[in-house]
Structure formats: C-alpha cells, structure tokens
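Here the sequence shown is numbered in the working numbering, starting from 11 and rising by one per residue.
The C-beta atom is built at its ideal place from N, Cα and C for all residues, glycine as well.
The structure displayed is predicted, hence computed values, not measured ones.
Inspection log for the structure reproduced underneath, given as structure tokens.
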Amino acid sequence: MKRLKGTVVLLLVLAAVLTPVALVATGALLYRAYVVRTGSMSPTILPASVVLVEADHYEVGQIITFRRTGDRTTHRLVAINDDGTLTTKGDANDTIDPFTVPTADVIGGVTAFVPRLGYLVVYLQNPLALGSLIMCVLSMWYVGSSDQKPDQKPDQKPDLKPSRESRRIAAVRVA
Numbered sequence: 011m012k013r014l015k016g017t018v019v020l021l022l023v024l025a026a027v028l029t030p031v032a033l034v035a036t037g038a039l040l041y042r043a044y045v046v047r048t049g050s051m052s053p054t055i056l057p058a059s060v061v062l063v064e065a066d067h068y069e070v071g072q073i074i075t076f077r078r079t080g081d082r083t084t085h086r087l088v089a090i091n092d093d094g095t096l097t098t099k100g101d102a103n104d105t106i107d108p109f110t111v112p113t114a115d116v117i118g119g120v121t122a123f124v125p126r127l128g129y130l131v132v133y134l135q136n137p138l139a140l141g142s143l144i145m146c147v148l149s150m151w152y153v154g155s156s157d158q159k160p161d162q163k164p165d166q167k168p169d170l171k172p173s174r175e176s177r178r179i180a181a182v183r184v185a
C-alpha cells in the first residue's frame with residue numbers, strides 16, 4: 011500500500027511538472043517563454059532569466075521580445091515611429107539600438123519573468139539531461155520507498171534490536 015501511495019505521488023508530481031513544460035514547449039498557451047541570454051536588459055532582467063511574452067500585446071515603455079537576424083532579442087520599446095517600425099533599447103545600453111524593428115518581427119510584450127530559470131530550461135532542452143533527471147528522481151523514489159531489509163518478508167515487522175555483532179563492536183569501542 012505504501013509503495014502504491016508513493017507511485018501515485020510520483021506520477022502526480024511528474025504530471026504537475028511536465029504538463030506546463032509541454033504546453034509552453036508546444037506554444038499551446040497564449041503566452042510564450044524565452045530565455046534571455048545576454049545582459050543587455052540588466053539590471054531589470056538578468057541573463058538566464060525566462061521571460062513570459064504575450065503575443066502581439068505591447069506599448070511604449072514596455073519590454074518586448076522580437077526577432078532579429080535569426081535570433082530573439084528582448085529590449086524595451088522606446089518609440090513607435092511614423093513608418094510603423096519600433097525603436098528599442100536595452101536597459102544596460104547607453105544609446106538606443108542602431109536599427110528599427112518592423113512590427114512583423116515583434117513576438118510580443120513581456121508580462122513576467124523568472125530570474126535564473128533559464129539555466130534549468132537550457133539544461134532540460136538536452137535529451138540526455140532530461141533522461142538523467144528522470145533517472146535521478148526514479149532512483150530516489152525507489153531507494154526511499156524501500157523501508158525493509160532485503161531478507162525481510164513484507165508482512166514482518168523490522169527487527170530494531172541491536173545484533174550480536176553490533177553489541178560486540180560497541181563493547182570493543184568502549185573498552
């Protein structure tokens with residue numbers, strides 16, 4: 011019964027952890043998550059933070075994420091120009107960006123961020139890392155669920171009396 015309870019708890023924990031990860035990974039939510047890889051938004055958003063971006067929702071003064079040269083950049087929107095392009099600036103930078111961003115390249119506005127979560131996200135993107143993490147969790151569950159001696163029958167109570175050998179060792183240490 012105890013082992014069944016442990017299995018149910020493990021499955022619930024795995025479901026609670028993996029379901030949001032799977033939804034974010036497939037883009038099934040209204041929001042997208044991205045890892046900030048540089049310090050251009052420091053001290054507001056540090057490198058390795060995960061930003062949560064709401065699609066097509068942004069305004070001047072808000073931090074946005076956009077596509078640029080095949081990569082994603084997260085900077086603050088400082089102006090919407092007459093031609094419809096956007097002017098951006100990293101909080102750590104002294105000047106505005108030397109380029110404008112077409113609205114078609116904007117992914118959305120940052121609504122929240124979690125510092126340092128990017129380390130875990132990048133780690134879990136490696137299939138070997140994810141497998142090793144699952145194996146560690148399963149190993150800890152297996153070792154923790156075994157509360158009986160290997161030669162003990164399941165319905166037998168554990169023997170808590172010190173063995174003859176341990177009493178002899180204790181006597182030698184005292185002497």
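Helix, strand or coil at residue i according to DSSP, with G and I counted as helix
| i | result |
| --- | --- |
| G141 | helix |
| G80 | coil |
| V184 | For V184, the predicted structure reports a pLDDT of 49, less than 50, and the residue's modelled location is therefore unreliable. A value from the coordinates is still provided. Reduced to three states, the DSSP call for V184 is helix. |
| V153 | helix |
| A25 | helix |
| T17 | helix |
| T113 | helix |
| V70 | coil |
| L148 | helix |
Between the CA atoms of residue j and residue i - distance to the nearest angstrom
| i | j | result |
| --- | --- | --- |
| S52 | P137 | 30 Å |
| A89 | A122 | 21 Å |
| D104 | I144 | 44 Å |
| D66 | S149 | 44 Å |
| V153 | D101 | 48 Å |
| Y129 | S142 | 16 Å |
| G71 | G94 | 16 Å |
| L22 | V60 | 25 Å |
| T110 | T79 | 12 Å |
| R86 | L134 | 28 Å |
| V132 | V27 | 16 Å |
| T97 | L62 | 21 Å |
| D107 | I73 | 14 Å |
Residues near residue i by beta carbon distance below 6 Å, same chain, minus five either side
| i | result |
| --- | --- |
| W151 | L20 |
| E64 | Y41, G118, G119 and T121 |
| L140 | L134 |
Contacts around residue i, its chain only, beta-carbon distance under 8 Å, and the 5 residues preceding and following it disregarded
| i | result |
| --- | --- |
| L56 | V46, G49, P125 and R126 |
| R82 | Y44, T75, F76 and I117 |
| D115 | F76, R77 and R78 |
Limits of the unbroken beta strand (DSSP E) element including residue i
| i | result |
| --- | --- |
| V63 | V60 to A65 |
| V116 | V116 to V124 |
| L130 | Looking at the DSSP string, L130 is not in any beta strand (DSSP E); the run it does join, the alpha helix (DSSP H), is L127 to L134. |
| R42 | Y41 to V45 |
| T97 | L96 to K99 |
Nonlocal neighbours in the same chain, by C-beta distance under 7 Å from residue i, ignoring five residues either side
| i | result |
| --- | --- |
| P112 | T95 |
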